[in-house]
Each structure stands twice: as structure tokens, then as C-alpha cells.
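Numbered per the numbering used here, the sequence shown finishes at 438, counting up by one with no gaps. Beta carbons are placed, not taken as given, at the ideal position from N, Cα and C, and that holds for glycine. Just below is one structure, and these are the notes that go with it.
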Amino acid sequence: MSEPEASVATGPETEALQKRFTAAIMPNYGVPPAALIRGAGCRVWDADGREYTDLIAGIATSSLGHAHPAITAAVSHQVSLIAHTSNLFLHEREVELAERLLGLLSADQTRADGRVFFANSGAEANEAALKLVRRMQGPARPVIVAAENGFHGRTMGALALTGKASIREPFGPFGVRVRFVPFGDTDALRGAVDTGVAAVFLEPCLGEGGVVPAPEGYLRAAREACDQVGALLVVDEIQSAIGRSGTWFAHRAHGVRPDVLTLAKGLGGGLPIGACIGLGRCGTGFAKGDHGSTFGGNPVACAAALAVLDTIERDGLLANVTAVGARLAAGISAVSHPLLAGVRGRGLWLAAVLIRPEAPAVEAAARRAGFLVNAVQPDAIRLAPPLILTAGEAEEFLAALPAILDDGASGGTNPPALRHGGLPPPVPPGLPEGATR
């Protein structure tokens, strides 16, 4: 992920908070360019009252947008009952969520043969997957195969699997032997998988790599290569699952069944939750005490995740993702601009591809115009809006896109008119005066 461009003019409230941030918080991606205090649907407001259409959804995480009544009600109710149990004790929301996920994974809608381990993030889910692979395969298979430009997280095990040297190499050496192959190269993948390989870790579409879908047949080739030598196939759907590409799980479109599946981001609709799902014999690979998490699968996050699943089903959001995503992709493709090369992706998970590496400038231009997007690569702008994005909201962005590209290409000397939404919407009943959501 490119560091956010901070050249957009901010207001006094944002600037004051940025100074406090710099003095108190370790950086993630640099100083954040906006201080968001409220949200409603696909709109957010910053500390100085500017309104934005959110087309990144907290990095493909806020599936139902902001302040969605289903999540608000589910979380509020659960907190009023019990917020935390730890994994020393049982609670129904965790069991129910695991059952729902296994049901969604089963083609005939009966519960899939598997088990779920809940964590708090995508990196934690991938750490659990890596540990499960080690437990299943033993020391005789020390090698993991992963893709160049793939991303699996920033904790040490997940980082070892991440195929971007600039992120990975400053923190080595790692306790994992990883063999990287070019993403999408079937021959290279087949050649890398031998009897010393414990597992292949792949994304069905590179997320942080620039929203690059796997070519037809690539995941099937990975499945076949694993089966030939007894390796496990781990599919990382941290970004792609729970409706992001128009289906519950992106790997379904490739006709493969993974041995292990990892989820996070959109599952919690903004609350922290991750899941490592072992299918078949991998479901029982962990013995008692092999792995654990104090907060993983906590009642509040599970309640939010159940609300997300219920709402996607009830409101037909998979169809919305497919329809609005297709309109958004077609609209971007139709824009004729010397900076724009095209669009790639599926559903509401797209990248506007640039001819030159000016994505940070375009991200800043979009923010000036009132749209939040992400310069995921120097030449790619990621769009991963809430699954509730309407056709009208997509059209607003498409109408503004030529001017945004002009502004980005000019380095900010030709900014589009800023959409200023005035003050944020009023504080909902039940929150104290001055409170923010």
C-alpha cells in the first residue's frame, strides 16, 4: 500500500489531531491525511466538516458502510449482555458464526466438513493457518510456496509469506522457508511444488498487489500440484470474501476447494475479527492447546459478523455488488483520459490502472473532490466501497473521475470543486452531546 498523500489542504481540527498523532502514535502508513469522526452509509465526515463518499471502506472492511442499523443493534444488544468471555468459556454467538460460515462453504447448504478458529485480524488468521500447516505436515516438509507481490500480513509468520521484498526483507530472517513464484505463472507454480512443500498460500486476487485477479485455471493448477505431492492449499480470502467480488467466496469461481481458508476484513463489518477455517482433515489438525486467542471470537465481534451475513442475505447485496460493480467498471473503462489505462477486478473490488505511477496524486485529487480511494500501487487506484454502494453513488464518482484525473496529472494545480457537506449529521439519540461515532 502506498503511503497516503498528505498534500491536501486540511482544516484546523484535522491539523491539530495530526500533530497529536505524530507525537503519540507509531506510524502505520505515515500521518493520515483526514480525521474521520462520523459516518452514515457510504458517506463520512472529517473533523472539519468535509463530506466524502467512502470508496475504500476501511480497506475493504466496512461491508455495510457506516452506522448501519443492523450492526449497531447487534453490537449494542450483545454489549448489554456480555462483551467478553475469553476462550476459557463458551458463548453461542461464536458457535453460531462458525456454523454459518461452514454452511456457506458447503455447496449443498449442509454444514461443510471443517472447523473454524477465530482470531482478530487477517494477519492473525494467516498465522493460525501457517501454524496449522506446520502441525499437519511436520518437519519433513519445511517449505511454503507463495506468490510474488502477494500480501498475507505484517506479523512475522504472515510477513514471511508476503511476496514484496521492500516490506519483508528489513525484518528477516524468518523461521519459515518460503519459495516465491510469479503470480499467475502456472508452469512456475507447478515447478515449485515438490515433496518438500508443506503448503501453497495464494490469494484468488492480489489485493495489496493492485487488485490483480488470478488468471483462469491458476488456482485449479495449484490444487492439482498440491494433490500430486500431498501439499496443502491455503487460500487467503482476507479481502476477497464475504461478498466483495459478488460471491460469498472468490475461490468458488475457480472451481477449487482449499484445505485451509482465511477470512477477516469484511466479515466483521468494521469490528475486528478473523477466521482460519480448516476443511476436511485440516479441521481437526489442531490438538487441544495447540493454538489460542484471548479475544478471538469474542461475543461482540461475532454478533457484528452475524449481522453482516444476515444483512447481505436479506438485502440481496451479492446482486447489488455484481450490478453496481459492473456499472462502475464499465464507467471507468469508458473514460478517455491520457492518464487512465483501464480497469481490473470484479464486483466492488476494482483498480483503476494508470499509465504513469501517479496514483498518490490521484488519490489526493479524489479526496479534494470528496471521494476516498486508495493508491494501492504507484499505478493503481483501489476501489473497495461498502457493499451497499448505490448506482447513484457510483455515478457521482464516474462523473467526477475525469476532473480527478486532470487534477492528479497536474499535481494539484487544477483541483476540481470540493464537495463540502457542511457539518456532520446530528448525534443520534442516546449519545452524549459532543460525542462522535
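- [ ] Would you mind reading off the limits of the alpha helix (DSSP H) that contains residue 314?
- [x] The count along the sequence shown starts at 1 and reaches residue 314 at position 313. That run of the alpha helix (DSSP H) goes 300-315.
Open item on the list: Please report the distance separating the alpha-carbon of residue 307 from that of residue 94.
Closed with: What you label residue 307 is simply residue 306 of the sequence shown in a count that begins at 1. What you label residue 94 is simply residue 93 of the sequence shown in a count that begins at 1. The straight-line gap from Cα to Cα measures roughly 8 Å.
Open item on the list: Whole angstroms are fine: how far does the CA of residue 59 sit from the CA of residue 80?
Closed with: Within the sequence shown, residue 80 is the residue found at index 79, counting from 1. Within the sequence shown, residue 59 is the residue found at index 58, counting from 1. Rounded to the nearest angstrom, the two C-alpha atoms are 23 Å apart.
- [ ] Under 8 Å by Cβ, that's how I've got residue 120 and residue 254 pegged, so tell me the actual separation to the nearest angstrom.
- [x] As a working mapping, residue 120 is identified with position 119 in the sequence shown. As a working mapping, residue 254 is identified with position 253 in the sequence shown. Not confirmed; about 26 Å, so no contact.
TODO: Rank 147, 140 and 20 by C-alpha distance to the C-alpha of residue 164 and give the top, closest one.
DONE: Numbered from its first residue, the sequence shown carries residue 164 at position 163. The option with the nearest alpha carbon to residue 164 is 147.
Task: Of the listed residues 28, 32 and 27, nearest to residue 19 (C-alpha basis) - done: Reading the sequence shown from its first residue, position 18 is the one you call residue 19. When only C-alpha atoms are compared, the closest one is 32.
Open item on the list: Please report the straight-line C-alpha distance between residue 206 and residue 141, rounded to a whole angstrom.
Closed with: On the sequence shown, residue 206 is found 205 positions in, with the first residue counted as 1. On the sequence shown, residue 141 is found 140 positions in, with the first residue counted as 1. Their backbone Cα atoms lie some 30 Å apart in a straight line.
Open item on the list: Among 64, 252, 289 and 193, whose alpha-carbon lies nearest the alpha-carbon of residue 183?
Closed with: The sequence position of residue 183 within the sequence shown is 182, counting from 1. When each option's Cα is compared against that of residue 183, the closest is 193.
Open item on the list: So, with DSSP's three-state summary, where would you put residue 357?
Closed with: Against the sequence shown, residue 357 aligns to sequence position 356. The answer is coil: DSSP assigns residue 357 none of H, G, I, E or B.
Task: residue 309 to residue 338 span [Cα, whole Å] - done: Translated into the one-based positions of the sequence shown, residue 309 becomes position 308. Translated into the one-based positions of the sequence shown, residue 338 becomes position 337. Cα to Cα, the separation comes out at about 38 Å.
Open item on the list: Taking DSSP's pairing of strands, which residues face residue 275 in a bridge?
Closed with: Here the question's residue 275 lines up with position 274 in the sequence shown. Partner(s): 120.
Open item on the list: Looking at residue 402: is its Cβ nearer than 8 Å to the Cβ of residue 333?
Closed with: The residue you call residue 402 lines up with position 401 of the sequence shown. The residue you call residue 333 lines up with position 332 of the sequence shown. Their beta carbons are under 8 Å apart, which means residue 402 touches residue 333 by this criterion.
Task: Inter-residue spacing [alpha-carbon to alpha-carbon] between residue 171 and residue 154 - done: Along the sequence shown, one-based indexing puts residue 171 at 170. Along the sequence shown, one-based indexing puts residue 154 at 153. When rounded, the distance between both Cα atoms is 15 Å.
Open item on the list: Looking at residue 201: is its Cβ nearer than 8 Å to the Cβ of residue 351?
Closed with: Indexing the sequence shown from 1 puts residue 201 at position 200. Indexing the sequence shown from 1 puts residue 351 at position 350. Not in contact: residue 201 and residue 351 (Cβ atoms no closer than 8 Å).
Task: Nearest candidate by alpha-carbon position, reference residue 1, set 410, 378, 369 and 404 - done: Residue 1 cannot be examined here, being either before or after the span of the chain that is shown, 2 to 438.
Task: Reference residue 1, options 132, 46, 251 and 227, closest by Cα - done: Since the first residue of the chain shown is 2 and the last is 438, residue 1 is not available in this structure.
Task: Length of the line joining the Cα atoms of residue 12 and residue 38 - done: Locating residue 12 in the sequence shown gives position 11, counting from the first residue. Locating residue 38 in the sequence shown gives position 37, counting from the first residue. Using only the alpha carbons, I get a separation of about 14 Å.
TODO: Assign residue 63 to one of two classes, buried (16 or more other C-beta atoms within 10 Å of its C-beta) or exposed (fewer than that).
DONE: As a first step, residue 63 must be located in the sequence shown, where it is residue number 62. Under this definition residue 63 is a buried residue.
Task: Cβ distance (whole Å) where residue 84 is taken to contact residue 301 below 8 Å - done: Counting from 1 along the sequence shown, the entry for residue 84 is found at position 83. Counting from 1 along the sequence shown, the entry for residue 301 is found at position 300. Going by Cβ atoms, the distance from residue 84 to residue 301 rounds to 5 Å, so yes, they are a contact pair.
- [ ] Compute the distance between the beta-carbons of residue 386 and residue 65, then report whether it is under 8 Å.
- [x] As a first step, residue 386 is located in the sequence shown; it is residue number 385 there, counting from the start. As a first step, residue 65 is located in the sequence shown; it is residue number 64 there, counting from the start. It is not a contact, given that the beta carbons lie outside the stated cut-off.
Open item on the list: Alpha carbons only, please: which of 107, 320 and 354 is nearest the one belonging to residue 336?
Closed with: By 1-based counting over the sequence shown, the position of residue 336 is 335. For the residues 107, 320 and 354, the minimum Cα distance to residue 336 belongs to 354.
TODO: Grab me the residues of residue 449's own chain with a C-beta within less than 7 Å of its C-beta, minus the 5 sequence neighbours each way, in chain order.
DONE: Nothing can be reported for residue 449: it is not among the residues displayed for the chain, which extend from 2 to 438.
- [ ] Kindly indicate which three-state DSSP category residue 281 falls into: helix, strand or coil?
- [x] For this step, residue 281 is matched to residue 280 along the sequence shown. Three-state result, residue 281: helix.
Open item on the list: Please classify residue 152 as buried or exposed, where buried requires at least 16 neighbouring CB atoms within 10 angstroms.
Closed with: Mapped onto the sequence shown, residue 152 falls at position 151. With 16 or more Cβ atoms within 10 Å of its Cβ, residue 152 is classed as buried.
- [ ] Determine which residues share a DSSP beta bridge with residue 345 and list them.
- [x] The count along the sequence shown starts at 1 and reaches residue 345 at position 344. In DSSP, residue 345 forms a bridge with 352.
TODO: Use the C-beta contact count for residue 27: other C-beta atoms within 10 angstroms, 16 or more gives buried, fewer gives exposed.
DONE: Within the sequence shown, residue 27 is the residue found at index 26, counting from 1. Burial call: exposed.
- [ ] Whole angstroms is fine: what's the gap from residue 284's alpha carbon to residue 259's?
- [x] Numbered from 1 along the sequence shown, position 283 holds the residue referred to as residue 284. Numbered from 1 along the sequence shown, position 258 holds the residue referred to as residue 259. If you take the alpha carbons of residue 284 and residue 259, they lie about 12 Å apart.
TODO: Could you work out which residue in 104, 143, 22 and 363 is closest to residue 116 when comparing CA atoms only?
DONE: Position 115 of the sequence shown holds residue 116. With distances taken between Cα atoms, residue 116 lies closest to 104.
- [ ] Whole angstroms is fine: what's the gap from residue 396's alpha carbon to residue 325's?
- [x] To locate residue 396, count along the sequence shown from 1; it is residue 395. To locate residue 325, count along the sequence shown from 1; it is residue 324. For residue 396 and residue 325, the distance between alpha carbons rounds to 10 Å.
TODO: Pick helix, strand or coil for residue 338, following the three-state DSSP scheme.
DONE: Taking the first residue of the sequence shown as position 1, residue 338 is located at position 337. Coil, per DSSP.
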